[in-house]
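Numbering (this note's numbering), first residue to last: 18 to 349.
Beta carbons: idealized from backbone N, C-alpha and C, even for Gly.
The structure displayed is predicted, hence computed values, not measured ones.
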C-alpha cells in the first residue's frame, strides 16, 4: 500500500476513534444536569444524547470547513498527513487521561492545540494561518465567559418568573422541561463538536491530494456522526459526576437554566462557524446559574481545578503534538 494512502487511512481511523472518545468524554456534559436531578435515568439520557448528537452532527458542516483551513492551509503543508496523525494521537491520549481522572477538560482545546503544535514542529510558526487561528482561540477563550453571563441571566429570569410558585411543583415541572433541554443540549453538541473530526479528515484528504475543495464528503459526515453517537452510548459517568454535582448542588430549575444557556451559546458559535469547547461552555453556564442563585453555593475549589485544566490543555497538547510529529517523522 502507498505510504500516503496508508497514513490517510490511519488518520480516518484515529479521527473516528477521537470522535468515539469525544462521545463519552464531552457528551457526558450535555446530560450531566438531567441525570444529576433525576429528570432522566442514566441509560435513557445516554441513548437520547447519542441520537440527538448524530442528528446534530449530520445537519451542519460550517465548523468542519473552518477547522479544515483556518489553523493551517492543507494545500501548503508538506508531511500534512503526518502532522494530522500526530495531532490526533496527542488529542486522543489527553482525552483518555482526563476522562480517567474524571476531569471535564476540553477535547476542542486538545485537538486544536495538538494540531498547532504538530504543524509548528514540522514547518515553524510561519505555517500557522494566524487570522483563522486567532479567531478560533478567541472563540475558545471568550465562550466560557459568555456562558457564565448567559447562565446568570437565564437563572435570574427564572427566579423572577417563578418566584411565586411552589418549589416542589416547580421542580417537578422543570424535570419534565429538562428532558427537552438535555435533548437540545445534545443536538447543539453534535452541531459543533462532531464537526472537528470531519474537518480533520477533510484536511487529511486535501493534504494527501485526494480532494481539491473544502466540502465535507457525506461519508465523512455520517462516519463521524456515527462514531460520536456510539461513543455517547457508552456514557461518561465520571464526567457526569463532576459536572452534575461537584460544581454545585443542582436542582431541576438550575439544570434547565444551565442547559438552555449553554445550548444557546454553543449553537450561536455553530452559526458563526466557530469551534468552541462544549465542556467549557456547559461547566461555565452551571457556574453562572449557581452565582445567580447564591455565589457561595458554587464549589469554587472544584471550579478552580477545572479552570486550571482548561488553561494547561492548549500548551500541553501542543507540546504533545510536536513530540508525536517528531516520532512519526522518523518512520514516515
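query                                                                                                                                                                                     : result
Under the rule that 16 or more other beta-carbon atoms within 10 Å means buried, what is residue 260, buried or exposed?                                                                  : In this prediction, residue 260 scores a pLDDT of 49, lower than 50, which makes its location untrustworthy; no coordinate-derived value is stated.
Among all the DSSP beta bridges, which residues are the ones paired with residue 145?                                                                                                     : 89
I need the DSSP call for residue 40, collapsed to helix, strand or coil.                                                                                                                  : helix
Might you give, ordered along the chain, the residues of its own chain that have their beta carbon closer than 6 Å to the beta carbon of residue 331, omitting 5 neighbours on each side? : 126, 130
Nearest to residue 65 by CA position, among 172, 199, 147, is which residue?                                                                                                              : 199
Might you give, ordered along the chain, the residues of its own chain that have their beta carbon closer than 6 Å to the beta carbon of residue 246, omitting 5 neighbours on each side? : 67, 70, 71
For residue 100, which residues of its own chain have a beta-carbon under 7 Å away from its beta-carbon, when the five flanking residues on both sides are left out?                      : 94, 135, 136, 139, 342
Within the same chain, show all residues whose beta-carbon is closer than 6 Å to that of residue 228, passing over the 5 residues directly before and after it, in chain order.           : 222
Okay, do the stretch 231-243 and the stretch 52-63 touch, 3+ Cβ pairs below 8 Å being the bar?                                                                                            : no
With a CB to CB cut of under 7 Å and the five nearest residues on each side skipped, what residues in its chain are close to residue 268?                                                 : 54, 188
Within a Cβ cutoff of 6 Å, which residues of the same chain sit near residue 340, ignoring the five residues on either side of it in sequence?                                            : none
Tell whether a beta-carbon distance below 8 Å holds between residue 290 and residue 80.                                                                                                   : yes
Decide if residue 216 is buried, meaning its Cβ has at least 16 other Cβ atoms within 10 Å, or exposed.                                                                                   : buried
Work out the CA separation of residue 78 and residue 346 for me, nearest whole Å.                                                                                                         : 31 Å
Compute the Euclidean distance between the alpha carbons of residue 250 and residue 41, then round it to the nearest angstrom.                                                            : 7 Å
For residue 164 versus residue 305, is the C-beta spacing smaller than 8 Å?                                                                                                               : yes
Could you give the residue range of the alpha helix (DSSP H) that holds residue 271?                                                                                                      : 269-288
Ordered along the chain, which non-local residues of its own chain (more than five positions away) have a Cβ less than 6 Å from that of residue 73?                                       : 204, 207, 208
Please say whether residue 276 and residue 76 have beta carbons closer to each other than 8 Å?                                                                                            : no
Out of 328, 240, 171, 177, which one is the CA nearest neighbour of residue 281?                                                                                                          : 171
Specify, as a first and last residue, the run of the alpha helix (DSSP H) that residue 70 falls within.                                                                                   : 59-76
Going by other Cβ atoms of all chains shown within 10 Å of its Cβ, with 16 needed for buried, is residue 210 buried or exposed?                                                           : buried
Would you call the CB atoms of residue 120 and residue 326 closer than 8 Å?                                                                                                               : yes
Please determine, among 148, 102, 212, 23, the residue with the shortest C-alpha to C-alpha distance to residue 243.                                                                      : 212
Could you tell me how far apart the beta carbons of residue 87 and residue 149 are, in whole angstroms, since I believe they sit closer than 8 Å?                                         : 3 Å
Thinking just about the alpha-carbon of each residue, which of 107, 97, 24 is nearest to the one in residue 336?                                                                          : 107
Just the Cα atoms here: how many angstroms apart are residue 262 and residue 92?                                                                                                          : In this prediction, residue 262 scores a pLDDT of 47, lower than 50, which makes its location untrustworthy; the coordinate-derived value is nonetheless stated afterwards. Looking at the two C-alpha atoms, the distance is approximately 46 Å.
Among the residues of its own chain, which have a CB less than 6 Å from the CB of residue 27, if the five just before and after it don't count?                                           : 102
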